[in-house]
Structure formats: structure tokens, C-alpha cells
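Reading the sequence shown from the start, the letters are residues 26 to 498 in the numbering used here.
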Amino acid sequence: MAVNGFHKNRRGPAAHQRPRTGLETAMAVAGIVAIVCSIQPAHAKRVPPQDMTPYVVRADDSLYTLADRYMQSPVDWRLLRDINHVANPRHLQINTRLSLPTSRLRQKLLTAQVVAVRGNVEKEGAAGAPPVPLSAGTLLVEGDEIQTGRDAFVSMTLPDGSHVVLPSSSRIQIGRLRTTVLTGAVERQFDLKEGEVTTDVTPFKNPRDSFRVSSPSVVAGVRGTRFRVNYLAAQDATTVEVLAGKIGVDGAGADNAAPLPVQSGAQTLVLAGYGNVTRTGQTAGASVRLLDPPDIVDPDKLQRAPQVAFDLTPVDGAGAYRTEIATDADFLDLLRDQRTTGLHAAFDNIPDGNYFVRVSAMDTHGIDGLPQVFTFSRHLDTTNAAATPIEGNGYVFRWHVDGNGQGTRYRFILSSHADLSAPLIDLLDVSGGEMSVAHLAPGKYYWTIVVDTFENGRLLSIPSEIRSFTQTR
Numbered sequence: 026m027a028v029n030g031f032h033k034n035r036r037g038p039a040a041h042q043r044p045r046t047g048l049e050t051a052m053a054v055a056g057i058v059a060i061v062c063s064i065q066p067a068h069a070k071r072v073p074p075q076d077m078t079p080y081v082v083r084a085d086d087s088l089y090t091l092a093d094r095y096m097q098s099p100v101d102w103r104l105l106r107d108i109n110h111v112a113n114p115r116h117l118q119i120n121t122r123l124s125l126p127t128s129r130l131r132q133k134l135l136t137a138q139v140v141a142v143r144g145n146v147e148k149e150g151a152a153g154a155p156p157v158p159l160s161a162g163t164l165l166v167e168g169d170e171i172q173t174g175r176d177a178f179v180s181m182t183l184p185d186g187s188h189v190v191l192p193s194s195s196r197i198q199i200g201r202l203r204t205t206v207l208t209g210a211v212e213r214q215f216d217l218k219e220g221e222v223t224t225d226v227t228p229f230k231n232p233r234d235s236f237r238v239s240s241p242s243v244v245a246g247v248r249g250t251r252f253r254v255n256y257l258a259a260q261d262a263t264t265v266e267v268l269a270g271k272i273g274v275d276g277a278g279a280d281n282a283a284p285l286p287v288q289s290g291a292q293t294l295v296l297a298g299y300g301n302v303t304r305t306g307q308t309a310g311a312s313v314r315l316l317d318p319p320d321i322v323d324p325d326k327l328q329r330a331p332q333v334a335f336d337l338t339p340v341d342g343a344g345a346y347r348t349e350i351a352t353d354a355d356f357l358d359l360l361r362d363q364r365t366t367g368l369h370a371a372f373d374n375i376p377d378g379n380y381f382v383r384v385s386a387m388d389t390h391g392i393d394g395l396p397q398v399f400t401f402s403r404h405l406d407t408t409n410a411a412a413t414p415i416e417g418n419g420y421v422f423r424w425h426v427d428g429n430g431q432g433t434r435y436r437f438i439l440s441s442h443a444d445l446s447a448p449l450i451d452l453l454d455v456s457g458g459e460m461s462v463a464h465l466a467p468g469k470y471y472w473t474i475v476v477d478t479f480e481n482g483r484l485l486s487i488p489s490e491i492r493s494f495t496q497t498r
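1. Which residues does DSSP list as the beta-bridge partners of residue 220?
2. Beta-carbon separation of residue 319 and residue 382 under 8 Å?
3. Using 8 Å for Cβ pairs, my map puts residue 377 next to residue 403. What's the rounded Cβ distance?
4. For residue 406 and residue 167, what's the separation of their Cα atoms in angstroms?
5. Quick check on the burial criterion: 16 or more other C-beta atoms within 10 angstroms. Buried or exposed for residue 98?
6. What does the Cβ neighbour count give for residue 220, buried or exposed, with the cut at 16 atoms within 10 Å?
7. Are the beta-carbon atoms of residue 298 and residue 315 separated by less than 8 Å?
8. In chain order, what residues of the same chain have a beta carbon less than 8 Å from the beta carbon of residue 144, not counting five sequence neighbours either side?
9. What do you reckon, are the CB atoms on residue 496 and residue 418 nearer than 8 Å?
10. Could you spell out the range, first to last residue, of the alpha helix (DSSP H) harbouring residue 108?
11. Spell out the partners DSSP gives residue 236 in its beta bridges.
12. Could you have a look at residue 76 and say whether DSSP puts it in helix, strand or coil?
13. Please return the same chain residues whose Cβ sits closer than 8 Å to the Cβ of residue 312, not counting the five positions on each side in sequence.
14. For the beta strand (DSSP E) that contains residue 336, what are its first and last residues?
15. Which one or two residues does DSSP pair with residue 225 in a beta bridge?
16. For the alpha helix (DSSP H) that contains residue 90, what are its first and last residues?
17. Taking only the alpha-carbon atoms, compute the straight-line gap between residue 142 and residue 420 and give it to the nearest angstrom.
18. Cutting at 8 Å between CB atoms, please list the residues of its own chain near residue 208, excluding the five before and the five after it.
19. Which residue or residues does DSSP assign as beta-bridge partners of residue 135?
20. Under 8 Å: do the segment 250-259 and the segment 221-228 share three or more Cβ pairs, one atom per stretch?
21. Exposed or buried, what is residue 254 when buried is set at 16 or more other beta-carbons lying within 10 Å of its beta-carbon?
22. Since residue 173 sits in a beta bridge, which residues does DSSP pair it with?
23. From 306, 203, 149, 182, pick the residue whose C-alpha is nearest to that of residue 197; which is it?
24. Can you grab the Cα-Cα spacing for the pair residue 188 / residue 182, in whole Å?
25. Taking 8 Å as the limit between beta carbons, can you name the residues of its chain near residue 491, skipping five residues before and five after?
26. Which first and last residues belong to the beta strand (DSSP E) in which residue 310 is found?
27. If we count the other Cβ atoms within 10 Å of its Cβ and call it buried at 16 or more, is residue 75 buried or exposed?
28. Under three-state DSSP, which class holds residue 128?
29. Roughly how many angstroms separate the alpha carbons of residue 461 and residue 422, rounded to a whole number?
30. Considering only their Cβ atoms, is the gap separating residue 373 from residue 433 smaller than 8 Å?
31. Near residue 339, which residues of its chain fall below 8 Å by C-beta distance, leaving aside the five closest residues on each side in sequence?
32. Mapping DSSP to helix, strand and coil, what is residue 64?
33. Please classify residue 275 as buried or exposed, where buried requires at least 16 neighbouring CB atoms within 10 angstroms.
34. Where does residue 65 land, buried or exposed, given buried means 16+ other C-beta within 10 angstroms?
35. May I ask which residues mark the beginning and end of the beta strand (DSSP E) holding residue 371?
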């Protein structure tokens with residue numbers, strides 16, 4: 026009996042059953058297909074197509090020379106033969122376009138160089154090897170882990186001129202630092218384990234270049250930008266702040282196997298002037314605008330006190346403020362980094378010199394705002410000036426004279442005004458570190474010592490603290 030093209034032998038009572046309808050037959054076929062599909066191996070999955078790199082054949086090329094030159098193994102010529110359906114691996118037609126699997130292209134390891142180090146900074150290399158202190162000029166490679174102690178900082182430069190800066194109490198591992206021989210594409214990945222990293226990435230020249238920073242919470246892919254990533258271990262979250270350019274941010278659980286610079290499918294695209302916060306195990310947080318920076322009250326003030334101190338102006342929405350000091354405008358050579366809930370920041374043990382200070386406001390989510398940079402000069406007041414009453418309604422004024430300061434002169438100013446205007450006495454080049462004044466009328470007086478010294482071929486007049494006393498008789 027034939028039923029819709031299927032022939033079966035019927036035996037016994039079943040032979041008297043009515044013929045199947047077309048619908049019943051279709052359902053039976055579907056059931057067979059379902060059964061066949063159900064017994065396929067459980068591990069069978071759709072394999073995505075490989076990423077291929079094109080190559081145009083040149084004179085004297087063969088699959089053997091291409092494998093030797095550009096692939097990870099000489100035997101990869103077989104892979105090239107199969108992918109490109111080449112009959113004769115020794116003879117290739119010039120200008121023929123071949124496809125080379127990107128994942129099998131030969132790569133060369135690169136190095137990063139330490140530019141500046143402050144404080145206790147160590148490198149951990151191979152497993153079990155003891156940590157090694159870092160110094161300027163040290164070369165770093167893939168797999169190296171760098172850790173900064175308290176009040177310690179390190180900055181490194183990459184072959185393309187990009188910079189990576191690690192502030193205090195931070196730890197990062199160089200996950201990838203290599204270039205592909207055929208294309209020249211550079212792959213860089215830094216895995217942030219603790220603390221914060223700031224990067225200044227040189228714009229890419231190769232569309233296949235990549236630069237990524239990962240943390241337990243996020244993976245950030247960039248293309249020529251300046252940004253910060255801060256892993257907040259206590260909150261198990263990561264903040265990202267973009268200062269220039271843009272970055273793609275994915276939660277760390279997303280599929281980030283491909284080293285794309287700015288992932289078109291990233292959960293969140295963060296533009297310059299914005300940031301976000303992402304909890305570990307969750308999708309990337311939404312972008313929020315970075316807070317405007319605070320100003321410094323009297324930023325041009327000469328820093329003469331034992332502590333270098335700055336007073337900041339308040340910023341709406343700020344939960345804390347950050348003040349950093351560096352010897353350079355790019356903040357590659359950091360000296361200090363302080364976060365305060367108030368508007369006053371003070372630093373001990375800052376040597377004399379010219380510096381840069383960078384200030385920013387942090388919002389209540391822990392996202393640092395836009396920075397503002399000022400310059401300042403530091404000249405510690407070492408005069409140790411003091412005034413002592415003497416007979417005759419007078420005072421003797423004494424100060425320390427720096428014996429190493431050749432050509433240094435000391436100027437004494439006494440006034441009845443707090444701003445030292447209309448001085449009663451203004452004497453230049455007072456020698457011996459002492460000055461006496463008698464017959465002072467009752468009242469309040471203000472005085473100071475100004476140190477005139479030469480620095481880098483120019484005269485600097487450096488005032489000490491303005492002090493006061495009251496004459497009562």
C-alpha cells in the first residue's frame with residue numbers, strides 16, 4: 026500500500042486500518058525529524074566563522090613561505106591550503122587574494138618602559154618568584170604584575186607613546202602586550218586587580234589595534250582616548266571616567282573574547298565628559314555627566330608653610346574632593362594623591378620646587394569628575410623668625426640665616442597694617458639675622474622677613490609668614 030510516497034507492509038489486524046491522511050503523514054515525518062534532532066550530540070553548537078585577514082599574493086610566495094613568515098607554525102600551510110582550496114601549495118598566482126585565520130597569525134611580544142617611580146612599587150613576574158622593586162627605565166612584559174604601596178606611584182610608556190599611570194594602593198597585570206607580524210596590529214590589555222589606573226592612549230593608526238582595561242566588574246575598550254578606571258573593592262564595583270575620546274564598556278561577564286577597540290555592541294558607550302559605575306556581575310551602568318572641577322582659592326600663593334595646603338571651592342553634588350601633586354603637567358611623575366570629604370587638602374614633606382596640582386570633585390557614586398590643573402611654587406620658610414620684647418618699649422627680631430645661600434639677602438618690614446602697607450620700617454639686606462627696634466608706641470604691629478635669592482638666573486623675593494605682636498605700653 027502506498028501512502029503519500031511511503032510504502033509499508035501491513036500484517037495482522039493492523040492491515041485493516043484506514044489509510045493515513047496527508048496531515049497525519051506530515052505529522053509523522055515531523056516526529057521522525059524531531060527524534061533525529063534529539064539524538065544529535067549534546068555538545069554540537071553552531072561554530073561562528075573565523076575572523077580572516079586578507080593577503081594578496083606576491084612574487085615568490087608559497088604556502089610554505091607564508092606559514093614560515095606569518096603563521097604560528099610552519100605546518101599551518103595545511104590550514105591555509107584547506108581554507109583557500111589551493112591545489113599546489115608551491116605555486117600561487119600573483120595578486121590572488123588569500124584568507125589567513127587571524128587567530129593563527131604570528132605575534133611578537135612588546136615591552137613597556139617605566140618612566141617614573143615614587144615610593145614602594147614592586148613587580149611580580151613568574152609564579153613563585155619574589156617581588157622586584159621597580160625603577161625608572163625598567164622594561165615590563167606580558168604577565169608582569171605591578172603593585173604600588175601607600176603614597177607610591179608608577180607610570181609607564183608603551184611603544185606607540187601611550188601612557189599608563191598607577192596611583193597608590195593599586196595593582197595591575199599586563200594581560201596582553203604584543204603585535205601581529207603580518208598586519209602590525211597592536212594588542213594591549215591591562216587587568217586591574219586593585220585600585221585605579223589612568224591611561225592616555227595614542228590614537229590608533231591600524232584599524233585592528235586594540236587597547237582594553239578590565240576589572241572584576243567591567244571591560245573597557247578604547248581607541249585614542251584619556252580615561253580612568255577605578256575598582257572599588259569595598260563596593261565590588263568599578264567606575265569609569267572618560268576625559269577625552271570615548272570608550273565602550275561591558276560588564277565583565279559579557280563575551281569579550283575579541284579584542285575590539287570600541288565594541289559596536291558594547292552595553293554602554295561612554296563619551297568624553299561622562300562616566301559610569303558598574304557592579305560586578307551586572308550589566309554596564311548608564312552614563313552620567315562628570316562633575317565640574319572645583320577652583321583653588323588663591324592658587325598663586327607661594328607655599329611657604331611646613332605643609333603645602335590648598336582650599337577648594339565647593340561643587341554641587343560632590344561627596345568628596347581629590348587633590349594630586351606632580352612634577353609634570355601630564356601627571357606622569359606623581360608625588361601625592363589625596364581624597365578629602367572637606368574643602369581643605371594638606372601635604373607634608375614637599376621639597377622646594379615648582380609643581381602642578383590637579384583637583385576634581387567626586388560624586389556620591391564614587392565617580393571622579395573633570396580635573397583642573399594649576400601650577401604652584403614651593404619654598405619652605407626656614408627663617409624661623411621670632412620677636413622678643415626688650416627694654417625701652419622695643420623688640421628684637423631674629424631669624425635663621427641660610428649659610429648655603431650665596432647672594433641671599435634678608436629684608437625686614439614692620440607695619441601697623443596687616444597687609445604691610447605704609448611700612449614703618451623697610452630695610453634691605455639686613456645682615457646677621459637680627460634686628461632691634463625701640464620706642465614703639467602702643468598698638469598692634471605686623472612684620473615679616475623677605476628672602477631675596479637668585480634662582481635659575483633670576484631674582485626671587487620670597488616672603489615669610491606675616492607675624493604680629495601688640496605693644497601695650
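Beta carbons: idealized from backbone N, C-alpha and C, even for Gly.
A quick look at the data gives this:
1. Numbered from 1 along the sequence shown, position 195 holds the residue referred to as residue 220. BP columns for residue 220 point to 256.
2. Along the sequence shown, one-based indexing puts residue 319 at 294. Along the sequence shown, one-based indexing puts residue 382 at 357. No, these two residues do not count as a Cβ contact at 8 Å.
3. As a first step, residue 377 must be located in the sequence shown, where it is residue number 352. As a first step, residue 403 must be located in the sequence shown, where it is residue number 378. Confirmed, Cβ separation roughly 5 Å.
4. In the sequence shown, residue 406 corresponds to position 381, counting from 1. In the sequence shown, residue 167 corresponds to position 142, counting from 1. Rounded to whole angstroms, residue 406 to residue 167 spans 47 Å at the Cα level.
5. As a working mapping, residue 98 is identified with position 73 in the sequence shown. Exposed: under 16 other Cβ atoms inside 10 Å.
6. Translated into positions along the sequence shown, residue 220 becomes position 195. Under this definition residue 220 is a buried residue.
7. The count along the sequence shown starts at 1 and reaches residue 298 at position 273. The count along the sequence shown starts at 1 and reaches residue 315 at position 290. Cβ atoms of residue 298 and residue 315: closer than 8 Å.
8. On the sequence shown, residue 144 is found 119 positions in, with the first residue counted as 1. Excluding positions up to five away in sequence, the list reads 173, 174, 175, 176, 177, 178, 193.
9. Locating residue 496 in the sequence shown gives position 471, where the first residue counts as 1. Locating residue 418 in the sequence shown gives position 393, where the first residue counts as 1. In contact: residue 496 and residue 418 (Cβ atoms closer than 8 Å).
10. The residue you call residue 108 lines up with position 83 of the sequence shown. Looking at the DSSP string, the run of the alpha helix (DSSP H) that includes residue 108 is 102-109.
11. To locate residue 236, count along the sequence shown from 1; it is residue 211. In DSSP, residue 236 forms a bridge with 213, 247.
12. Here the question's residue 76 lines up with position 51 in the sequence shown. The answer is coil: DSSP assigns residue 76 none of H, G, I, E or B.
13. Taking the first residue of the sequence shown as position 1, residue 312 is located at position 287. Taken in chain order, the residues that qualify are 293, 294, 295, 296, 299, 300, 301.
14. Here residue 336 is taken as the residue at index 311 of the sequence shown, counted from 1. Start and end: 333-336.
15. Residue 225 sits at position 200 when you count from the first residue of the sequence shown. DSSP, once it has assigned bridges, lists 188, 251 as partnering residue 225.
16. To locate residue 90, count along the sequence shown from 1; it is residue 65. Per DSSP, residue 90 belongs to the alpha helix (DSSP H) from 88-95.
17. For the purposes of this step, residue 142 is taken as the residue at position 117 of the sequence shown. For the purposes of this step, residue 420 is taken as the residue at position 395 of the sequence shown. So the two alpha carbons sit approximately 49 Å from each other.
18. Position 183 of the sequence shown, counted from the start, is the residue given in the question as residue 208. Closer than 8 Å at the Cβ level, and outside the excluded window around residue 208, lie 78, 130, 231, 233.
19. Residue 135 sits at position 110 when you count from the first residue of the sequence shown. Residue 135 pairs with nothing; no bridge assigned.
20. yes
21. In the sequence shown, the residue the question calls residue 254 occupies position 229. Its Cβ being crowded by 16 or more others within 10 Å, residue 254 is buried.
22. By 1-based counting over the sequence shown, the position of residue 173 is 148. Residue 173 pairs with 146.
23. The count along the sequence shown starts at 1 and reaches residue 197 at position 172. Closest option to residue 197, Cα to Cα, is 149.
24. As a working mapping, residue 188 is identified with position 163 in the sequence shown. As a working mapping, residue 182 is identified with position 157 in the sequence shown. Roughly 5 Å between the two C-alpha positions.
25. Here residue 491 refers to the residue found at position 466 when the sequence shown is read from its first residue. 443, 445, 471, 472, 473, listed in sequence order.
26. Residue numbering aside, residue 310 sits at position 285 when the sequence shown is read from its first letter. Unbroken run through residue 310: none, as it is neither H nor E.
27. For the purposes of this step, residue 75 is taken as residue 50 along the sequence shown, with counting starting at 1. Exposed, because fewer than 16 other Cβ atoms sit within 10 Å of the Cβ of residue 75.
28. To locate residue 128, count along the sequence shown from 1; it is residue 103. Residue state, collapsed to three classes: helix.
29. As a first step, residue 461 is located in the sequence shown; it is residue number 436 there, counting from the start. As a first step, residue 422 is located in the sequence shown; it is residue number 397 there, counting from the start. Roughly 6 Å separates the two Cα atoms.
30. Taking the sequence shown and counting its residues from 1, one reaches residue 433 at position 408. Taking the sequence shown and counting its residues from 1, one reaches residue 373 at position 348. No, Cβ-Cβ distance for residue 433 and residue 373 is not below 8 Å.
31. Locating residue 339 in the sequence shown gives position 314, counting from the first residue. Here the set comprises 319, 368.
32. Numbered from 1 along the sequence shown, position 39 holds the residue referred to as residue 64. Since pLDDT at residue 64 reaches only 35, below the 50 mark, its modelled position is unreliable, and the value read off the structure follows with that caveat. Note: residue 64 maps to coil in three-state DSSP.
33. The count along the sequence shown starts at 1 and reaches residue 275 at position 250. By the neighbour-count rule (16 or more Cβ atoms within 10 Å), residue 275 is buried.
34. For the purposes of this step, residue 65 is taken as the residue at position 40 of the sequence shown. Low confidence applies here, because residue 65 scores a pLDDT of 39, under 50, leaving its location unreliable and the question unanswered by this model.
35. Working through the sequence shown from its first residue, we reach residue 371 at position 346. Counting along the chain, the beta strand (DSSP E) containing residue 371 begins and ends at 369-372.
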